[in-house]
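Chains A and B supply the protein sequences, listed in that same order.
Mind the numbering: the first sequence is residues 13 to 131 in this note's numbering, read in order.
Mind the numbering: the second sequence is residues 13 to 131 in this note's numbering, read in order.
Beta carbons are placed, not taken as given, at the ideal position from N, Cα and C, and that holds for glycine.
Being a predicted model, the structure only gives us computed values, none of them experimental.
The structure appears right after this line, and notes come after that.
Protein chains: 2
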Amino acid sequence: MDDTVTTRRDRRKAGRTGCAVEATLSVIGGVWKPVLLFHLLEGKLRFNALCRLTPSATPRMITLQLRELEADGIINRIVYPEVPPKVEYELTELGRSLAPVLLSMRDWGQRLQMLESAA
Amino acid sequence: MDDTVTTRRDRRKAGRTGCAVEATLSVIGGVWKPVLLFHLLEGKLRFNALCRLTPSATPRMITLQLRELEADGIINRIVYPEVPPKVEYELTELGRSLAPVLLSMRDWGQRLQMLESAA
DNA sequence: GCATGTACTATCATGGATGATACTGTGACG
DNA sequence: CGTCACAGTATCATCCATGATAGTACATGC
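If you want it as structure tokens, here you go:
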């Protein structure tokens, strides 16, 4: 029928479905990103603090996720040229605008957890 | 040091971080789930209709995601005992309660897309 | 009788995301 | 002098999610 572009993979790479939900997910869709962002909602945090708050993620993963978030303009990475090194992460304005999304996700998750424990 | 449970993997499987955001993500966190749910927000849909609305996902993936959503009580799967087979999917009440989450995600995604095209 | 549509399922293959572990350089602390 | 904390990197291994393809049963249409 069409011998040009047929694989679903191509379609995915070529054009998005146009769904804005997907756009959001492409930014906060990782496994750890929502958690990291959630912690950052309450203020600046240092790298090791984030590590301690997310004990099931490796530092490597946390670094990677933070870098992606930084590249997407969601967080700022502030390096203090001191020794020992000090790096703080904070939400940008764009990042803070995610608050409604994160909060509605938290609210729904809380209701779900309540339903689960009630059952 | 401690010979009980140390790996991050174990920690992840054992107990969640307690973050309600994670609970939400564990339900709608797949790649295709938000898109499928979004289409279903507008009403019942048949399997092939969902396939056509999500051309970059294979039927297999759509089946798997729908089954997971069904298992989580987000959607109902209605089988009409006819031939040719007819199956419809619709949101449950719990599924409909996800609307705020999905809508806030859509809103944020739209703003992001506008920012991107404006830049 | 062959193709088509429906709603899947089965099988195989792959690869990209993740995990575990070890290592870096510097200063401070004991 | 040894060790710790900080903020990561580097390397290797693995495995789970996904992709592609083909097949199922039945009925209708040509």
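- DSSP places A/Glu102 within a strand segment (E or B) once states are collapsed to three.
- For B/Pro71, not one C-beta of chain A is nearer than 8 Å to its own C-beta.
- Membership of B/Val95 in any beta strand (DSSP E) is not indicated, and neither H nor E is assigned to it by DSSP.
- Each of A/Ser116, A/Glu102, A/Gln125, A/Arg108 was checked against the Cα of A/Leu62, and the nearest Cα belongs to A/Glu102.
- At a cut-off of 8 Å between beta-carbon atoms, B/Thr104 makes no contact with chain A.
- If you draw a straight line from the Cα of B/Asn60 to the Cα of B/Arg108, it is about 22 Å long.
- Under the Cβ criterion of 8 Å, B/Ser68 is counted among the residues facing chain A.
- For B/Gly42, the CB contacts under 6 Å within the same chain, skipping 5 residues up- and downstream, are Gln77 in chain order.
- Contact annotation, A/Val39 with B/Leu124: C-beta distance approximately 7 Å; criterion of less than 8 Å satisfied.
- Under the Cβ distance rule, A/Thr75 does not count among the residues neighbouring chain B, no pair being separated by less than 8 Å.
- By the neighbour-count definition (other C-beta atoms within 10 Å, threshold 16), B/Gly55 is an exposed residue.
- In the structure shown, B/Leu110 falls within a coil segment according to DSSP collapsed to helix, strand and coil.
- Taking a Cβ-Cβ threshold of 8 Å, the residues of chain B close to A/Phe50 are Cys31, Val33, in chain order.
- The Cβ atoms of B/Met117 and A/Val47 lie no closer than 8 Å to each other.
- For A/Arg20, the C-beta contacts it makes with chain B under 8 Å involve Pro67, Ser68, Ala69, Thr70, in order along the chain.
- Burial of B/Ile87 is indicated by the presence of at least 16 other C-beta atoms within 10 angstroms of its C-beta.
- For A/Ile74, the closest alpha carbon among the candidates A/Trp44, A/Ile90, A/Val95, A/Arg89 is that of A/Trp44.
- Contact between A/Ala35 and B/Gly121 holds: CB atoms are separated by about 4 Å, below the 8 Å threshold.
- Out of A/Cys31, A/Arg72, A/Asp22, A/Val91, the CA that lies nearest to the CA of A/Leu57 is found in A/Val91.
- According to the DSSP secondary-structure assignment, A/Asn88 is paired through a beta bridge with A/Glu102.
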